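Enquirer: Chains as they are written, first to last, in UniProt numbering: chain A, 1 to 61; chain B, 1 to 61; chain C, 1 to 61; chain D, 1 to 61; chain E, 1 to 61; chain F, 1 to 61. Here's a structure for you.
Protein chains: 6
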Amino acid sequence: MPYVTVKMLEGRTEEQKRALVEKVTAAVSETVNAPVENVVVFIEDMPKNHYGVAGKLFSDK
Amino acid sequence: MPYVTVKMLEGRTEEQKRALVEKVTAAVSETVNAPVENVVVFIEDMPKNHYGVAGKLFSDK
Amino acid sequence: MPYVTVKMLEGRTEEQKRALVEKVTAAVSETVNAPVENVVVFIEDMPKNHYGVAGKLFSDK
Amino acid sequence: MPYVTVKMLEGRTEEQKRALVEKVTAAVSETVNAPVENVVVFIEDMPKNHYGVAGKLFSDK
Amino acid sequence: MPYVTVKMLEGRTEEQKRALVEKVTAAVSETVNAPVENVVVFIEDMPKNHYGVAGKLFSDK
Amino acid sequence: MPYVTVKMLEGRTEEQKRALVEKVTAAVSETVNAPVENVVVFIEDMPKNHYGVAGKLFSDK
């Protein structure tokens with residue numbers, strides 16, 4: 001605890017995901033006073049054809 | 001805002017997903033009085049072996 | 001199936017939620033060819049102090 | 001109803017997923033007094049590089 | 001890991017929730033070969049006016 | 001995009017939530033190269049009797 005889910009378009013590199021988990025964990029730990037060991041991060045990749053804004057699929061933009 | 005997630009069995013065509021995003025966005029915008037530009041839709045595909053009803057995987061039915 | 005989740009700021013009326021469920025169900029049923037009876041809708045209300053964009057809580061805007 | 005989501009690292013066999021759906025459905029049905037027919041289970045697989053604990057990706061451990 | 005979310009209509013007693021967590025944890029642990037200590041369960045209560053099937057809110061049925 | 005959900009036990013102050021949104025947004029923006037304006041954060045509070053680890057509700061510990 002806390003449990004953090006980051007949903008974003010696919011295509012980020014391993015290095016970006018590694019940095020994301022490290023920095024988000026630090027930000028959560030510091031601001032809500034939770035031990036770093038307890039912070040869990042889930043990454044969810046979205047394909048461009050599974051994400052729509054304003055009625056249009058991102059893959060059509 | 002609003003954020004809409006549609007979870008369904010995989011296998012729909014691009015044309016169906018395109019229509020889904022368009023029509024669901026319109027339905028949400030019209031009924032809760034939100035601008036179309038603010039409506040976000042996420043599609044989540046489920047494989048048949050990741051979905052169970054009444055204790056049985058869909059892939060076993 | 002499908003399962004639809006609509007997450008939005010709290011404050012909509014019962015009448016708006018009723019219309020939302022009716023119209024979204026119709027839009028999903030029609031576009032992905034699922035019987036109306038199978039469409040499930042979950043509504044999730046967000047308090048303004050649990051929603052942030054661009055680093056700022058909505059309750060502070 | 002109820003709707004159960006089980007998120008876990010990828011790699012389980014079909015036989016494990018089949019047993020998971022059967023046993024979890026029984027446990028839910030029995031404890032909250034819901035008919036087995038109404039219990040829905042979603043399985044979500046996580047790749048090891050999409051799951052982090054204590055600031056480190058599982059794929060780096 | 002695994003992380004289990006159980007979404008159901010509000011109104012269950014503390015005793016039912018306690019039994020739910022205990023039995024679901026055992027079912028998951030046994031079937032996917034995860035230590036009981038690692039199984040996490042989240043319960044999500046739905047109000048009747050936030051849940052719709054077949055285009056109708058449950059609170060209207 | 002990205003969309004970040006932080007699920008944690010209830011009881012944090014407004015000041016902690018404000019800082020959480022600010023710092024998590026910065027961490028995400030910096031590591032995955034997304035404009036701060038596009039980062040959305042949802043906070044989800046869990047009551048202690050809706051969260052279980054190792055088969056026991058947190059409210060019973």
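In this text, a Cβ means the ideal position worked out from N, Cα and C, and glycines have one as well. What you are looking at is a predicted structure, and each value in this text was computed from that prediction instead of being measured.
Roughly how far, in whole angstroms, is the beta-carbon of residue 63 (chain D) from the beta-carbon of Val-28 (chain E), given that I think they are within contact range, below 8 Å?
Expert: No statement about residue 63 (chain D) is possible, as the shown extent of chain D runs from 1 to 61 and does not include it.
Enquirer: Roughly how many angstroms separate the alpha carbons of Ala-34 (chain E) and Ser-59 (chain A), rounded to a whole number?
Expert: CA-to-CA, the gap between Ala-34 (chain E) and Ser-59 (chain A) works out to about 39 Å.
Enquirer: Considering only residues of the same chain and omitting the five flanking positions on each side of Gly-52 (chain E), which have a CB-CB separation below 8 Å?
Expert: Phe-58
Enquirer: Quick one: which chain E residues come within Cβ less than 7 Å of Pro-2 (chain D)?
Expert: Val-6, Lys-7 and Met-8
Enquirer: In the DSSP assignment, what residue or residues form a beta bridge with Asp-45 (chain A)?
Expert: A:Met-8
Enquirer: Taking the straight line between their C-alpha atoms, what separation do you get for Lys-56 (chain B) and Ile-43 (chain D)?
Expert: 12 Å
Enquirer: Out of B:Asp-45, B:Asn-49 and B:Lys-61, which has the shortest C-alpha to C-alpha gap to Thr-13 (chain B)?
Expert: B:Asp-45
Enquirer: Would you mind telling me which residues of chain D sit closer than 8 Å to Ala-26 (chain A), beta carbon to beta carbon, in chain order?
Expert: Gly-55
Enquirer: Straight-line CA distance for Val-21 (chain F) to Val-41 (chain F)?
Expert: 6 Å
Enquirer: Alpha carbon to alpha carbon, how far is Ala-54 (chain D) from Val-39 (chain A)? Give it in angstroms, no decimals.
Expert: 6 Å
Enquirer: Which residues in the same chain have their Cβ closer than 8 Å to the Cβ of Glu-10 (chain C), if we skip the five residues on either side of it in sequence?
Expert: Asp-45, Met-46, Pro-47 and Lys-48
Enquirer: Could you tell me the alpha carbon to alpha carbon distance between Gln-16 (chain C) and Thr-25 (chain B), rounded to whole angstroms?
Expert: 15 Å
Enquirer: Residues of chain C with CB under 7 Å from Glu-14 (chain F), in chain order?
Expert: Asn-49
Enquirer: Span of the alpha helix (DSSP H) holding Val-28 (chain B)?
Expert: 14-32
Enquirer: May I have the straight-line CA-CA distance separating Val-32 (chain E) from Glu-30 (chain B), to the nearest angstrom?
Expert: Going from the Cα of Val-32 (chain E) to the Cα of Glu-30 (chain B) covers about 45 Å.
Enquirer: Would Met-8 (chain E) and Met-8 (chain D) be called neighbours here (beta carbons separated by less than 8 Å)?
Expert: Going by beta carbons, Met-8 (chain E) and Met-8 (chain D) fall outside the 8 Å limit.
Enquirer: Along chain B, which residues have their Cβ under 9 Å away from the Cβ of Val-32 (chain C)?
Expert: Among the residues of chain B, those whose CB is under 9 Å from the CB of Val-32 (chain C) are Val-6, Met-8, Arg-12, Gln-16, Lys-17, Ala-19 and Leu-20, following chain order.
Enquirer: Within 10 angstroms of the Cβ of Lys-23 (chain D), are there 16 or more other Cβ atoms? Answer buried if so, exposed if not.
Expert: buried
Enquirer: Assign Val-39 (chain E) to one of three DSSP states: helix, strand, or coil.
Expert: coil
Enquirer: With a threshold of 8 Å on Cβ separation, who are the neighbours of Ala-19 (chain A) within its own chain once the five nearest residues in sequence on each side are excluded?
Expert: none
Enquirer: Taking Lys-23 (chain C) as the query, report the chain B residues whose CB atoms sit under 7 Å from its CB, ordered along the chain.
Expert: Ala-27, Glu-30 and Thr-31
Enquirer: Which chain B residues sit within Cβ distance under 7 Å of Phe-58 (chain D)?
Expert: Result: empty, since nearest Cβ-Cβ is about 20 Å, beyond 7 Å.
Enquirer: Have a look at His-50 (chain F) and Val-4 (chain D) and give me their C-alpha separation to the nearest angstrom.
Expert: 14 Å
Enquirer: On the DSSP bridge list, what partners appear for Lys-56 (chain C)?
Expert: C:Val-53
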